Amino acid sequence: HAEWDAKMRAQEALRQATAPHGTKICAVYTSLFLEDSFGPWFGLATKKGQWDVIHNPDARIPEHVRIGGDTVTVREAAKIFESFNPGHDIHINTIPLKPYKSQLTKGGEGNNEPSGFLRFLMGEGKLDLSDENTRDGGSQNDVVNPGGKLWKWRSVREYAQSVEGKPWPYRDFGHMSQQKVTPLPPYYAAKKAFFRLIKQASSIGSALSVTQDPNLTLESCLGKHGAYSMGIPPVDSRLVDLSDIELQSQFLDCATAMYTMRVGLPAHPDYPRFIADPQVRTKLDTTARELFERLQDLKLEILKRAPVTNPKHQLEVETAWI
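Every position in the sequence shown, counted from 1, becomes a number in the numbering used here once 4 is added.
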């Protein structure tokens with residue numbers, strides 16, 4: 005999946021960058037978190053009484069990769085959930101691996117969410133990193149929780165009991181698990197919404213409404229306070245030609261977008277959670293860089309049209325800016 009590939013590239017780049025300083029990068033891998041796992045985005049539609057499994061319902065699926073408190077198969081998990089929800093049996097429906105994997109990995113609309121990829125990895129048994137699976141040396145629970153003395157690992161049985169065998173929370177998802185587009189777990193849905201905010205912030209020339217500063221003007225943007233808040237060098241507003249309405253509008257739109265990126269998005273309640281996501285961080289960095297470059301171009305254009313009231317001062321400003 006593209007997101008996982010990006011994480012691997014970022015990880016390798018970080019290792020190369022820190023190696024000369026003697027810093028060791030330790031990657032900790034986790035996989036299926038209980039609260040985000042037993043839902044229709046993985047084909048597990050409990051209320052319908054059917055779990056659709058790719059290829060092999062007996063492939064062992066750990067709660068976490070390499071570190072985890074429990075390792076069960078889908079079939080075992082179904083029995084556990086049934087035991088806490090009497091009278092509601094779960095039918096295991098096996099989906100052929102090859103056509104499912106082929107359809108998903110060829111790309112295209114609706115094939116870009118990790119949940120679909122995780123489904124066939126479960127079926128292939130590639131999420132089995134239990135002690136019995138020696139391919140990757142088993143689990144490393146003792147590395148982070150020696151002897152289980154720091155905390156008690158939560159099991160699938162304990163989770164199933166806490167929700168009375170009714171995950172997510174047993175509401176009717178209709179036929180989501182049969183749709184072409186896999187339904188998104190809450191985190192991915194929230195992340196998509198956050199990406200929309202980034203896109204809105206980066207739409208040069210559009211009406212932006214995300215945490216706009218009512219005092220944001222061309223002069224305040226070019227001045228010391230505004231320039232610093234946007235991460236751009238300040239300019240003496242006396243040198244600016246304020247008669248070009250279109251140029252002003254373009255610059256203000258861009259400056260507002262940058263202000264939103266620097267001030268508005270960090271105020272978002274989920275910002276701390278999302279900024280830890282490499283995909284979100286990459287998107288923010290790319291958008292901010294594009295906005296910064298656009299601001300540079302517009303600001304230089306404004307300076308070119310500035311009245312030459314003090315040629316020496318203007319030359320100093322242009323030189324500093326360039």
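For each residue, glycine too, the CB sits at the ideal point set by N, CA and C.
A quick note: this is a predicted structure, and the numbers were derived from the prediction, not measured.
Which partner residues of residue 96 appear in the DSSP bridge assignment?
-> To locate residue 96, count along the sequence shown from 1; it is residue 92. Answer by DSSP bridge pairing, in chain order: 55.
Near residue 164, which residues of its chain fall below 7 angstroms by C-beta distance, leaving aside the five closest residues on each side in sequence?
-> Locating residue 164 in the sequence shown gives position 160, where the first residue counts as 1. Around residue 164: 84, 85, 88.
Shortest alpha-carbon distance to residue 107 belongs to which of 124, 93, 10?
-> By one-based count along the sequence shown, residue 107 stands at place 103. Ranking the options by Cα distance to residue 107, first place goes to 124.
Report, in whole angstroms, the separation of the C-beta atoms of residue 47 and residue 57, which I expect to be a contact under 8 angstroms.
-> Residue 47 sits at position 43 when you count from the first residue of the sequence shown. Residue 57 sits at position 53 when you count from the first residue of the sequence shown. Their Cβ separation, rounded to whole angstroms, is 7 angstroms, which keeps residue 47 and residue 57 in contact under 8 angstroms.
Cβ of residue 82 within 7 angstroms of Cβ of residue 99?
-> For the purposes of this step, residue 82 is taken as the residue at position 78 of the sequence shown. For the purposes of this step, residue 99 is taken as the residue at position 95 of the sequence shown. Their beta carbons are not under 7 angstroms apart, which means residue 82 does not touch residue 99 by this criterion.
Neighbour-count burial assignment, residue 166, 16 or more Cβ in a 10 Å radius = The count along the sequence shown starts at 1 and reaches residue 166 at position 162. Exposed.
Using DSSP bridges, identify the partner residues of residue 48.
-> Position 44 of the sequence shown, counted from the first residue, corresponds to residue 48. Bridge partners of residue 48: 55.
Rounded C-beta distance between residue 122 and residue 59? I'm assuming under 8 angstroms.
-> For the purposes of this step, residue 122 is identified with residue 118 of the sequence shown, where counting begins at 1. For the purposes of this step, residue 59 is identified with residue 55 of the sequence shown, where counting begins at 1. With 8 angstroms as the limit, residue 122 and residue 59 do not qualify as a contact, their Cβ atoms being about 13 angstroms apart.
Should residue 55 go down as buried or exposed, given a rule of 16 or more other Cβ atoms within 10 Å for buried?
-> Residue numbering aside, residue 55 sits at position 51 when the sequence shown is read from its first letter. Per the 10 Å Cβ criterion, buried.
Can you name, in chain order, every residue of its own chain whose Cβ lies under 7 angstroms from the Cβ of residue 73, other than the five neighbours on each side?
-> Along the sequence shown, read from residue 1 onward, the residue named residue 73 stands at position 69. Excluding residues within five positions, the ones whose Cβ falls inside 7 angstroms are 67, 157, 158, 159.
Could you spell out the range, first to last residue, of the alpha helix (DSSP H) harbouring residue 160?
-> Indexing the sequence shown from 1 puts residue 160 at position 156. Note, residue 160: alpha helix (DSSP H), 160-166.
Using alpha carbons as the reference points, say which of 151, 36, 277 lies closest to residue 77.
-> In the sequence shown, residue 77 corresponds to position 73, counting from 1. Considering only alpha carbons, the answer is 36.
With DSSP run on the structure shown, which of helix, strand or coil describes residue 30?
-> In the sequence shown, counting from the first residue as 1, residue 30 sits at position 26. Of the three classes helix, strand and coil, the one that applies to residue 30 here is coil, per DSSP.
How would you call residue 1, buried or exposed, if buried means at least 16 neighbouring beta carbons within 10 angstroms?
-> Here the chain has residues from 5 to 326 only, and residue 1 is not among them.
Straight-line Cα distance separating residue 91 from residue 171 = Taking the first residue of the sequence shown as 1, we reach residue 171 at position 167. Taking the first residue of the sequence shown as 1, we reach residue 91 at position 87. So the alpha carbons of these two residues sit roughly 16 angstroms apart.
By Cβ distance, which residues of its chain are closer than 7 angstroms to residue 149, with the 5 residues on each side in sequence left out?
-> Position 145 of the sequence shown, counted from the start, is the residue given in the question as residue 149. Result list for residue 149: 155, in chain order.
Assign residue 292 to buried or exposed, taking buried as 16 or more other Cβ atoms, counted over all protein chains shown, within 10 Å of its Cβ.
-> Taking the sequence shown and counting its residues from 1, one reaches residue 292 at position 288. Under this definition residue 292 is a buried residue.
If I'm right that residue 75 touches residue 146 with Cβ under 8 angstroms, what's the distance once you round it to whole angstroms?
-> The sequence position of residue 75 within the sequence shown is 71, counting from 1. The sequence position of residue 146 within the sequence shown is 142, counting from 1. Actually they do not touch by this definition, with Cβ atoms about 15 angstroms apart.
Is the beta carbon of residue 276 sitting closer than 7 angstroms to the one on residue 14?
-> As a first step, residue 276 is located in the sequence shown; it is residue number 272 there, counting from the start. As a first step, residue 14 is located in the sequence shown; it is residue number 10 there, counting from the start. Result no, Cβ atoms of residue 276 and residue 14 do not sit closer than 7 angstroms.
CA-CA distance, residue 119 and residue 45?
-> Counting from one through the sequence shown, the residue named residue 119 turns up at place 115. Counting from one through the sequence shown, the residue named residue 45 turns up at place 41. Each residue's alpha carbon lies about 6 angstroms from the other.
Roughly how many angstroms lie between the CA atoms of residue 127 and residue 105, to the nearest whole one?
-> Mapped onto the sequence shown, residue 127 falls at position 123. Mapped onto the sequence shown, residue 105 falls at position 101. Straight-line Cα distance between these residues: approximately 10 angstroms.
Cβ shell of residue 279 (< 7 angstroms), same chain only, five flanking positions each side left out | Stepping through the sequence shown from its first residue, residue 279 is reached at position 275. Answer for residue 279: 285, listed in chain order.
Around the Cβ of residue 288, are there at least 16 other Cβ atoms within 10 angstroms (buried) or fewer (exposed)?
-> The residue you call residue 288 lines up with position 284 of the sequence shown. Flag for residue 288 reads buried.
Where the alpha helix (DSSP H) containing residue 119 begins and where it ends | Stepping through the sequence shown from its first residue, residue 119 is reached at position 115. The continuous alpha helix (DSSP H) containing residue 119 extends over residues 118-127.
Under three-state DSSP, which class holds residue 25?
-> Taking the first residue of the sequence shown as position 1, residue 25 is located at position 21. Looking at residue 25 - three-state DSSP - the assignment turns out to be helix.
Quick one: what does DSSP say residue 113 is sitting in, helix, strand or coil?
-> The residue you call residue 113 lines up with position 109 of the sequence shown. The predicted position of residue 113 is uncertain, since its pLDDT is 48 and thus under 50; a value taken from the coordinates is nonetheless stated next. Here residue 113 sits in coil by DSSP.
Cα separation between residue 9 and residue 41?
-> Stepping through the sequence shown from its first residue, residue 9 is reached at position 5. Stepping through the sequence shown from its first residue, residue 41 is reached at position 37. Rounded to the nearest angstrom, the two C-alpha atoms are 22 angstroms apart.
With 16 other Cβ atoms within 10 Å as the buried cut-off, status of residue 27 = Start at 1 with the first residue of the sequence shown, and residue 27 comes out as number 23. Taking every protein chain shown into account, the CB of residue 27 has fewer than 16 other CB atoms within 10 angstroms, so this residue is exposed.
Three-way DSSP call (helix, strand, coil) for residue 155 in this model = Translated into positions along the sequence shown, residue 155 becomes position 151. Note: residue 155 maps to coil in three-state DSSP.
Indicate whether residue 96 and residue 61 have their beta-carbon atoms separated by less than 7 angstroms.
-> For this step, residue 96 is matched to residue 92 along the sequence shown. For this step, residue 61 is matched to residue 57 along the sequence shown. In contact: residue 96 and residue 61 (Cβ atoms closer than 7 angstroms).
Taking Cβ positions only, does residue 103 come closer than 7 angstroms to chain D?
-> Among the chains in the structure shown there is no chain D, since it carries only a single protein chain.
For residue 22, collect the residues of the same chain with a Cβ closer than 7 angstroms to its Cβ; drop the 5 residues on either side in sequence, then sort them by chain order.
-> Your numbering for residue 22 matches position 18 in the sequence shown. 29, listed in sequence order.
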